[in-house]
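Trainee: Next up is a structure, given as structure tokens.
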Amino acid sequence: MGRYALRRLLQMIPVFIGSTFLIFFMVYALGDPVAALFGDKAPDPATAARIRKDLYLDEPLWRQYAHYMGQIFSGHFGTAFNGQPVTELMASAFPVTLRLTLVAVAFEMALGITLGVLSGLRRGRGLDTSVLLLTLVVVSVPTFVSGTVLQYLFGVSWGWARPSVSPEAPLNELLLPGVVLGLVSLAYTTRLTRTSIVENARADYVRTAVAKGLPRHRIVTRHLLRNSLIPVVTFIGTDVGALMGGAIVTERIFNIHGVGYQLYQGILRQNSPTVVGFVTILVIVFLLANLLVDLLYAVLDPRIRYA
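First residue of the sequence shown: 0, per numbering that gives the first Met the number 0; consecutive thereafter.
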């Protein structure tokens, strides 16, 4: 296991370099950060040249990227155009989005896996049909629609939750935004769990367990569910990074100052250091989540062994 984890960590290095270089190229080579800094006003050529030199923008792109990576490994992600270090923005934004993502993932796992198991065990019955129709509706409705509707119902009409989140973003205020963020993922988790349960229910090891006279709950929990969760864990592991990076709409609806809010502001104002810095951290989150998923495979399926 240790050698496998080390090998996976080494494999992550070229993926990280390639991803960050692509992001860096798209942000800096396809735009002009200095022009974005001045907005509609044309900067003085001497001032623009000095800013380009200070920001290392007068060098070739590969040198800019090498300089940026050197800053990252020293813990410096650059400075936003308002003069605030990007690390300070990260320190205030990532804990909020992390709590929001944990709420969404917990909601997605608890309800999605439960509905998927119940639906798979009752294939073709009324519950199965209802769950499939419900998940299809949830997938079809955009997040900004479901978020606005739930915000109005629970926050404005019924008063069960705050319609907007305070700057401190306590966990109890993130419950409704977390549900909104995890709705689409919940639908996919439910359908994936249901499909996996239906496929594994016809496997030989399940028929053998039934023939041996094992209790139904033990067959489902110890044999059927454990093997059926492998594709579900894969989806949830990759979904963690997707939820953190895709929370822009949810955070805008509930006025949450997290990663999505900072990315939105950075894109809107063409604040290149903020965008590149935040996306770089999201790449690391994606890579670590995938590594964790691979290591969990051996826990779920004893037949999997790592050399």
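C-beta: ideal position from N, C-alpha, C; glycine also.
Using a Cβ-Cβ cutoff of less than 8 angstroms, which residues in the same chain neighbour L295 once the five nearest sequence positions on both sides are dropped?
Mentor: V232, G236
Trainee: Given this structure, state the Cα-to-Cα distance separating V137 from A65, to the nearest angstrom.
Mentor: 44 angstroms
Trainee: Of all the options R122, A45, P176, which has the alpha carbon lying nearest to the alpha carbon of L152?
Mentor: P176
Trainee: Ordered along the chain, which non-local residues of its own chain (more than five positions away) have a Cβ less than 8 angstroms from that of L135?
Mentor: A186
Trainee: State the Cα-Cα distance for the pair F234 and Q10, rounded to the nearest angstrom.
Mentor: 20 angstroms
Trainee: Would you report the Cα separation of R2 and I12, rounded to the nearest angstrom?
Mentor: Rounded to whole angstroms, the gap between the alpha carbons of R2 and I12 is 16 angstroms.
Trainee: If you draw a straight line from the C-alpha of P59 to the C-alpha of Y263, how long is it?
Mentor: Their Cα atoms are separated by approximately 28 angstroms.
Trainee: Check each candidate in I255, T273, R98 and name the one with the smallest Cα separation from F80.
Mentor: T273
Trainee: Of all the beta strand (DSSP E) runs that stay within the bounds of the segment 155–194, which reach a length of 3 or more residues?
Mentor: none
Trainee: Mind checking A4: buried by the 16 CB within 10 Å criterion, or exposed?
Mentor: The C-beta of A4 has fewer than 16 other C-beta atoms within 10 Å across all chains shown, which makes the residue exposed.
Trainee: For the segment 93–155, which segments carrying the alpha helix (DSSP H) assignment without a break, of at least 4 residues, lie completely within its bounds, in sequence order?
Mentor: 125–139, 142–149
Trainee: So, at 6 angstroms on beta carbons, what are the nonlocal neighbours of G181 in its own chain, with the 5 sequence-adjacent residues on each side left out?
Mentor: A103, F106, E107
Trainee: List the endpoints of the continuous alpha helix (DSSP H) containing S227.
Mentor: 224–244
Trainee: Per DSSP, F78 is paired with what?
Mentor: Per the sequence shown, residue 78 should be read as Thr rather than Phe. Its beta-bridge partners are P84.
Trainee: How long is the line joining the alpha carbons of T19 and I247, rounded to whole angstroms?
Mentor: Approximately 20 angstroms between the Cα atoms of the pair.
Trainee: To the nearest angstrom, how far is the alpha carbon of S165 from that of E250?
Mentor: 12 angstroms
Trainee: With DSSP as the reference, label Q269 as helix, strand or coil.
Mentor: Reduced to three states, the DSSP call for Q269 is coil.
Trainee: Would you decide whether S227 is buried or exposed? Buried here means 16 or more other CB atoms lie within 10 Å of its CB.
Mentor: By the neighbour-count rule (16 or more Cβ atoms within 10 Å), S227 is buried.
Trainee: Assuming the contact rule is C-beta atoms closer than 8 angstroms, Q261 and A92 should be a hit. Round their C-beta distance to whole Å, please.
Mentor: 5 angstroms
Trainee: May I ask you to report which of helix, strand or coil DSSP gives P214?
Mentor: coil
Trainee: Do G146 and I252 have their C-beta atoms within less than 7 angstroms of each other?
Mentor: yes
Trainee: Would you call Y67 buried or exposed, if buried means 16 or more other Cβ atoms sit within 10 Å of its Cβ?
Mentor: buried
Trainee: Kindly indicate which residue of V183, T113, W157 has the alpha-carbon position closest to the one of F143.
Mentor: V183
Trainee: Which of the three DSSP states, helix, strand or coil, is assigned to I283?
Mentor: helix
Trainee: Which of the three DSSP states is assigned to D57 in this structure?
Mentor: coil
Trainee: L117 and L126 look like a contact to me (Cβ under 8 angstroms); what is the Cβ gap, rounded to whole Å?
Mentor: 6 angstroms
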